[in-house]
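Asker: Quick one: structure below, then a few questions.
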Amino acid sequence: MLCLAAGAGYAALLYSAKAPWSKALNLGLAALRFVVVSFLSFLLLSPFLKTTSTTTEPPTVVLAVDDSQSVGLFTPAPVLQQATAGLQQLAATLRGRGFTVETRTLRAARRPARPDSLQFQTAATDLDGMLTGIKDAYEGRNLAGVVLLSDGIVNQGRSPVYSEFSFPIYSVAVGDTVPKKDLSLPALTYNRVAFSGNKFPIEAEISYEGFAGGTAVVQLRESGRVLQTQRVRLPAGRSRQKTTFLVTAPAPGKRRYEVVIERQPGEFTPLNNAKFAYLEIVKGKLRVLLAGAAPHPDLKALRAAILQNDNFDLTTYLPGIAPLRAQEFDVAVLHQLPTRGGVGAEVLARVRARRLPALYIIGAQSDLPAYNSLGTGLTITPRGSQTDEVTPVLNPAFSRFTFEDDAPRRFAAYPPAPVPFGDLRLGGGAEAALFQQVGRLKTPKPLLVFGGTPAQRQATLLTDGSWQWRLQEAADHDDRPEAYDRLIVRTLQLLTANANKKRLDVYPTQDAFTTQDDVTFGAETYNTIFERIYNQPITLTLTDEKQKARTFSFTTSEDGAPLHLGALPGGLYRYAARATLGGQAQQDAGELLVQEQQLETLSARADHNLLYQLARRSGSRLYFPAQFAQLTRDIQQANARPVIYSQENLKDLINLKWLFFLILALITAEWAARKYSGGV
5 MLCLAAGAGY AALLYSAKAP WSKALNLGLA ALRFVVVSFL SFLLLSPFLK TTSTTTEPPT
65 VVLAVDDSQS VGLFTPAPVL QQATAGLQQL AATLRGRGFT VETRTLRAAR RPARPDSLQF
125 QTAATDLDGM LTGIKDAYEG RNLAGVVLLS DGIVNQGRSP VYSEFSFPIY SVAVGDTVPK
185 KDLSLPALTY NRVAFSGNKF PIEAEISYEG FAGGTAVVQL RESGRVLQTQ RVRLPAGRSR
245 QKTTFLVTAP APGKRRYEVV IERQPGEFTP LNNAKFAYLE IVKGKLRVLL AGAAPHPDLK
305 ALRAAILQND NFDLTTYLPG IAPLRAQEFD VAVLHQLPTR GGVGAEVLAR VRARRLPALY
365 IIGAQSDLPA YNSLGTGLTI TPRGSQTDEV TPVLNPAFSR FTFEDDAPRR FAAYPPAPVP
425 FGDLRLGGGA EAALFQQVGR LKTPKPLLVF GGTPAQRQAT LLTDGSWQWR LQEAADHDDR
485 PEAYDRLIVR TLQLLTANAN KKRLDVYPTQ DAFTTQDDVT FGAETYNTIF ERIYNQPITL
545 TLTDEKQKAR TFSFTTSEDG APLHLGALPG GLYRYAARAT LGGQAQQDAG ELLVQEQQLE
605 TLSARADHNL LYQLARRSGS RLYFPAQFAQ LTRDIQQANA RPVIYSQENL KDLINLKWLF
665 FLILALITAE WAARKYSGGV
């Protein structure tokens, strides 16, 4: 009412006087001004529009299909055909009754598929992952139930009976629960790393059904060549037997061995009669010399860390206790050597003569002028005998090796250790892996430095108190000082690694892939002074064990994007890369290992009990392919109804754009009428 009064008062005040136009026009103009002013006053009160919208969501039924290889291999063809046809008929019937029907598979657990395009080729079965994916995708939606078609065999992830699902699960059982007369290889036990020239065992576990009391012929092969053959007795009253092959490790490199059980008459399938062992054959153990100027707690901590790695053969030496044995070493750890007084000169002489990579540990007895003359890449100028108490902190720019995600947290808990106080200067090519932290202040002073020359790599740790770090970490983490041990081991590995003088470096991004993985390659390219360069075209040739070659082309990029090859068949591949860098041809080569999982062929016996438990816990029952008509009736009788969702929307009236143009039109009309009639 106030708005109307304001509009009326404004119109009366403006158009009550005598006007040069007709009385009718005057009333019309007053009416326009009344409407405009009243409406503008009303808008000042911030009115809003309230609207309610409703949507209807029909009930959804998801067809969850176990499209694993075991279903296709071990389900009789007529039964499998009946099951897939039943799924299509079920989907058509439910859609006709107002349901929404979607299909999910193991291969496409989070995106819809079609029941008429099923291919039972997935190499592993994770029913819990598939059902959990459905649960997440349909959370808050009108999910009437899930029809699970499966043989119940789970070989990846956890069993779905240990998960909670809020929707009914209608289990449809396929496969065969009758035990088959069969031989299989469930597992091979072996060390994945073996030393060249050493003997290593491969233990094969043989599972047998229907062959008790007989024998099995088991062979060990490599690239189709039979290395060893054994006849294994299969005792009655048992279902498993073990046998062991003892193999001499050949030259360093990747190796793939195959253990095969010869097929016997009456055996159900030979698909599970073979299994592969994948090994990395490495050079013999690295020989480490740990020498100290005098007994010290550091020596025990270093010794314990080094012995955690089986690739190291450690010799400990203290001058004056026993003579240094005349043997070859690959790397030396020199604790407070060189020392004041010349103790340990024979060790330093051997390191210089053999150009051994060395890790120098600086302490109170170290002869710093003598150390500075060694060319380690670090120069220490002390200020008297003062020390700083520091803890390690990572250098984020250091990339010669990586630290685990928990390393900074573990390093932060270390007690302070003494380092020489003074000027620390890095030489050309030297790089700090760790900086010093004094209290809470992170400083740019190095704590662990890598330097030296390509002919003799050297590193320096600027404290002889690191033994406290290992003790503290062991106390905090259940006797597992992993960060300290990894730091020492990786330091020695970096010192003994061959200097990378390659301008083209192409490598698999993982040590080994499986047949389900996307195989990826990384690449690095360098100019003549070994600066990183990008956008260089590279040709990669991949050759399998049958000498079949595949060629790929890609370009290095600054974001480090890898080359994606997709999934590859299992086997040992050799790769060769070529590129032209600065007008010069460059090459690189190596090996790639793709492991076959063979999970789906291990068990031919369906597990319908798991499907029964899933259905029973959700208030449903177990069905078979011949019972799809009953399943359809049960889903319809579950009385799933559409869900109506309503949503209220509030919108300020002043935000409606058309009102602006309406008011503008009214004001324009008033102005035009006044102007035309001779008014202002």
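Positions 5 to 684 (my numbering) are the ones given, in order, by the sequence shown.
Beta carbons are placed, not taken as given, at the ideal position from N, Cα and C, and that holds for glycine.
From the DSSP output, read off the bridge partner residues of GLY455.
Answerer: GLN462
Asker: Is LEU33 near ALA669, with beta carbons less than 7 angstroms apart?
Answerer: no
Asker: Considering only their Cβ atoms, is the gap separating GLU143 from ASP186 smaller than 7 angstroms?
Answerer: no
Asker: Taking the alpha-carbon positions, what's the TRP675 to PHE38 distance?
Answerer: Straight-line Cα distance between these residues: approximately 14 angstroms.
Asker: Whether or not the segment 453-466 and the segment 360-370 are in contact is what I'm after, with contact meaning three or more pairs of Cβ atoms, one per stretch, closer than 8 angstroms; do they touch?
Answerer: Touching, yes, given that three or more Cβ pairs across the two stretches are closer than 8 angstroms.
Asker: Is it buried or exposed for MET5, if we count other Cβ within 10 angstroms and need 16 for buried?
Answerer: exposed
Asker: Strictly by DSSP, which residues pair up with GLY149?
Answerer: VAL65
Asker: Figure out for me which residue from ASP140, GLY156 and SER45 has the closest Cα to the Cα of TYR616.
Answerer: GLY156
Asker: In chain order, which continuous runs of the beta strand (DSSP E) of length 3 or greater are located wholly inside the segment 275-332?
Answerer: 278-286, 290-296 and 316-321
Asker: Looking at GLY469 and ALA421, is the spacing between their C-beta atoms short of 7 angstroms?
Answerer: yes
Asker: Roughly how many angstroms lie between the CA atoms of LEU318 and LEU306, to the nearest whole one?
Answerer: 10 angstroms
Asker: Between which residues of its own chain and ILE648 is the CB-CB distance below 7 angstroms, once the five residues before and five after are set aside?
Answerer: THR58 and THR60
Asker: Alpha carbons only, please: which of ASN276, THR343 and VAL75 is nearest the one belonging to GLY179?
Answerer: VAL75
Asker: Three Cβ pairs or more, each shorter than 8 angstroms: is that satisfied between the segment 268-285 and the segment 190-199?
Answerer: They touch, by the three-pair rule.
Asker: With DSSP as the reference, please indicate the residues paired to TYR174 in a beta bridge.
Answerer: DSSP lists VAL151 as the bridge partner or partners of TYR174.
Asker: Smallest Cα separation from TRP519: which of GLU600, GLU435, GLN223 and ARG637?
Answerer: It is Thr, not Trp, that sits at residue 519 in the sequence shown. Checked all of GLU600, GLU435, GLN223 and ARG637; the closest Cα to THR519 is GLU600.
Asker: Return the residue from the list ALA148, CYS7 and GLU477 that minimises the CA-CA distance to ALA411.
Answerer: GLU477
Asker: Give the DSSP bridge partners of VAL493, in chain order.
Answerer: According to DSSP, which records beta bridges pairwise, VAL493 is partnered with nothing at all.
Asker: Let me confirm a value: ALA127 is counted as buried when at least 16 other C-beta atoms fall within 10 Å, else exposed. Which label applies?
Answerer: buried
Asker: Leaving out five residues on either side along the sequence, give the residues of the same chain with a beta carbon under 7 angstroms from the beta carbon of ASN277.
Answerer: Correct list, in chain order: LEU187, SER188, LEU189, VAL264, ILE265 and ARG267.
Asker: From what residue to what residue does the beta strand (DSSP E) around GLN588 run?
Answerer: 588-599
Asker: DSSP three-state label for SER370, please.
Answerer: strand
Asker: With H, G and I counted as helix, E and B as strand and the rest as coil, what does DSSP make of ARG359?
Answerer: Note: ARG359 maps to coil in three-state DSSP.
Asker: Mind checking which residues open and close the alpha helix (DSSP H) that includes ALA751?
Answerer: This structure cannot settle anything about residue 751, because the visible part of the chain is limited to 5 through 684.
Asker: Looking only at its chain, what residues have a beta carbon closer than 8 angstroms to the beta carbon of PRO254, apart from the 5 residues adjacent to it on each side?
Answerer: Short of 8 angstroms from the beta carbon of PRO254, and not among the five residues preceding or following it, lie these beta carbons of its own chain, in chain order: SER200 and ILE285.
Asker: Compare the C-alpha of THR547 against each of VAL151, PHE52, LYS27 and GLY594 and name the closest.
Answerer: GLY594
Asker: Where PRO566 and LYS246 are concerned, what is the direct C-alpha to C-alpha distance, given to the nearest angstrom?
Answerer: 42 angstroms
Asker: In whole angstroms, what is the alpha-carbon distance linking ALA23 and PHE52?
Answerer: 38 angstroms
Asker: By the DSSP assignment, the beta strand (DSSP E) with ALA581 in it spans what residues?
Answerer: 575-585
Asker: Starting from the N-terminal side, write out each stretch of the alpha helix (DSSP H) that is 4 residues or longer and does not extend beyond the segment 13-87.
Answerer: Fully enclosed alpha helix (DSSP H) runs of 4 or longer: 27-47 and 73-78.
Asker: Would you mind sorting ILE492 into buried or exposed? The rule is 16 or more other CB atoms within 10 Å of its CB.
Answerer: buried
Asker: By the three-class DSSP mapping on this structure, what secondary structure does HIS481 have?
Answerer: coil
Asker: For PHE249, which residues does DSSP report across the bridge?
Answerer: ILE206
Asker: For the candidate residues GLN331, PRO183, TYR538 and TYR488, whose alpha-carbon lies nearest to that of ALA608?
Answerer: PRO183
Asker: In whole angstroms, what is the alpha-carbon distance linking ILE667 and GLY11?
Answerer: Take the alpha-carbon of ILE667 and the one of GLY11: they are about 14 angstroms apart.
Asker: Taking only the alpha-carbon atoms, compute the straight-line gap between LYS679 and GLY13 and give it to the nearest angstrom.
Answerer: 23 angstroms
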